[in-house]
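In UniProt numbering, the protein residues as written are 1 to 284. Okay, structure first, notes after.
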Amino acid sequence: MSSALVGISPTPVEVPPVVHALAGRLRSGATVVPVWRNEYGGITVRLEEPEEAPGASSYLKWVAPGAACPDPLAEADRLVWADSFTAVPRALEAGRDTYGSWLLTAAVEVDGAVATSAIEPRWQGLAARSAIAIGVGLRRFHDALPTDTCPFVRTAQLRVAALTTGPTAPPTAAERATIAAALGNPPPVDRLVVCHGDPTVPNTLLDGVGRFAAHVDVGDLGVADRWSDIAVTTRSVTRRYGAGLEPLVLAAYGVAPDPERTTYYRALWDVEEAARAGQRRRAS
1 MSSALVGISP
11 TPVEVPPVVH
21 ALAGRLRSGA
31 TVVPVWRNEY
41 GGITVRLEEP
51 EEAPGASSYL
61 KWVAPGAACP
71 DPLAEADRLV
81 WADSFTAVPR
91 ALEAGRDTYG
101 SWLLTAAVEV
111 DGAVATSAIE
121 PRWQGLAARS
131 AIAIGVGLRR
141 FHDALPTDTC
151 PFVRTAQLRV
161 AALTTGPTAP
171 PTAAERATIA
181 AALGNPPPVD
191 RLVVCHGDPT
201 VPNTLLDGVG
211 RFAAHVDVGD
221 LGVADRWSDI
231 AVTTRSVTRR
241 YGAGLEPLVL
251 AAYGVAPDPE
261 RTTYYRALWD
271 VEEAARAGQR
281 RRAS
């Protein structure tokens, strides 16, 4: 049992034996250091090379079969595509077996130091600087990735369809009809970009002085209205760092507030989170 960041506070994370075994196969002799566990059971660990065989750290993400998480193999495809345009981890290996799916990525380094998640306590202590860096990073992401050649799509219409017909759809027709009625008419698109899909504070990496470095966890990357990202990012910043920072994120991104789109895309996100939680309960 080791301590790792889960949410804001350090929380004990037990790495399953299957993840230890997988890490041993992929990086023999590396030390397994827990980094993150999401609410659906997905686990990320850092693999540190032994001193006698120095090398850059790598990160291993593992997801159990049937977990309500983005597929690591789908994320690998997105990383390979996005790596030509923007700062994301380099995909090293990915695979699936009877125990789960996994993705191994290289650590992101800036000036010889490993970039760290914006959720770390030191960046929470520099909340305004971190909020600005997150806004800058999201704008760079949106500006860099070409929509015309992106093979992945994440429009509101597709997300609502998945909520009413896909694996996470609620079991009753009444529940599905409620979702369709509430979310079936999204606001007109402001600007189509390649969205991150999960642009929360933990998924932004900062360099040693708090500047934007890269994005991680791009398993939901796809073309959509930019507000599907902006709405989630601004709320994540205020939840993780404190109230009053949303204007800093918007200013750093370079956009005026848009209450209608913000409200819609936050509601869509919340329904998706509830649907994933329901899927997990039904599977347990």
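Ideal Cβ positions, reconstructed from N, Cα and C, are used throughout, including at glycine.
Boundaries cannot be given for Y40, as no alpha helix (DSSP H) includes it and DSSP labels it neither H nor E. Looking from the CA of T263, the closest CA among E109, S228, L126 belongs to S228. In the DSSP annotation of this structure, the continuous segment of the beta strand (DSSP E) that includes D225 starts and ends at 222-225. Three or more beta-carbon pairs separated by less than 8 Å link the segment 98-107 to the segment 58-75, which places the two stretches in contact.
Secondary structure note for D77: its alpha helix (DSSP H) is the uninterrupted segment 72-82.
Membership of V153 in any alpha helix (DSSP H) is not indicated, and neither H nor E is assigned to it by DSSP. In this structure, DSSP gives H215 an extended state, which the three-state scheme calls strand. Secondary structure at D229: helix, using DSSP grouped into helix, strand and coil. For S58, the secondary structure class from DSSP, reduced to helix, strand or coil, is strand. The three-state secondary structure of T234, taken from DSSP, is helix. If you draw a straight line from the Cα of A161 to the Cα of A169, it is about 9 Å long. The Cβ atoms of L183 and A267 lie closer than 8 Å to each other.
It is roughly 7 Å from the alpha-carbon of P50 to the alpha-carbon of T31. Nearest to D270 by alpha-carbon distance, out of D198, P202, H215, R240, is D198. In this structure, P89 sits away from L73, with a CB-CB distance that is not shorter than 8 Å. Annotation for A256: no beta strand (DSSP E) segment contains it, and DSSP assigns it neither H nor E. Nearest C-alpha to R37 among G254, P202, L26, L248: P202. For D198, no alpha helix (DSSP H) run applies, since DSSP gives it neither H nor E.
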